[in-house]
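K.L.:
Can you read through this structure? Questions will come right after.
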Amino acid sequence: LVLEAVRQNGEALYVAAAELRADRELVLEAVQQNGLALEFVAPELRADRELVLEAVRQNGFNLHYAAPELRADRDFVLEAVRHNGLALKYAAAEPRDDREVVLEAVRQFGLALRFA
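Residue numbers (my numbering): -10 to 105.
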């Protein structure tokens, strides 16, 4: 039942039980349908690079919901800002100090410079 719901709308994960929010297969279905479902994912899955990258590719703002280690990962942040320069706002300090990351963010959206 929950699988069908998240296939229709990934954000339906919001009403799922905690153990289902930690089910990688179910969560991947939800995130593939709607990257914003990442907000409702169990904390341990927010460090799952593949899963989070799927959400970030849909919308760079989803970097906000990624685990701290991913928000600090230069390559991961670079991928996020390629899709939405304003994702720079949610990156850890080190990637925000990286010239290439900042240039890519600004190339995507000029006002991202304010988050560098």
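Where is the CB? At the ideal position from N, CA and C, for every residue including glycine.
Using the rule of at least 16 other Cβ atoms within 10 Å of the residue's Cβ for burial, across every protein chain shown, is ALA(-6) buried or exposed?
P.N.:
Burial call: buried.
K.L.:
Reducing DSSP to helix, strand and coil, say where ALA36 ends up.
P.N.:
Correct three-state label for ALA36: helix.
K.L.:
Are there 16 or more other CB atoms within 10 angstroms of the CB of ALA26, so buried, or fewer, so exposed?
P.N.:
By the neighbour-count rule (16 or more Cβ atoms within 10 Å), ALA26 is buried.
K.L.:
In whole angstroms, what separates the C-alpha of ALA61 from that of VAL20?
P.N.:
Taking the straight line joining both Cα atoms gives about 21 Å.
K.L.:
Would you report the Cα separation of ARG85 and LEU(-10), rounded to the nearest angstrom?
P.N.:
Answer to the nearest angstrom: the Cα atoms are 42 Å apart.
K.L.:
Does DSSP put LEU15 in a helix, in a strand, or in coil?
P.N.:
In the structure shown, LEU15 sits in a helix (DSSP, three-state: H, G or I).
K.L.:
Taking C-alpha atoms, which residue in ARG13, GLU39, ARG46 and TYR79 lies nearest to ALA31?
P.N.:
Taking only the C-alpha atoms, the option nearest ALA31 is ARG13.
K.L.:
If you draw a straight line from the alpha carbon of VAL91 to that of TYR79, how long is it in whole angstroms?
P.N.:
When rounded, the distance between both Cα atoms is 13 Å.
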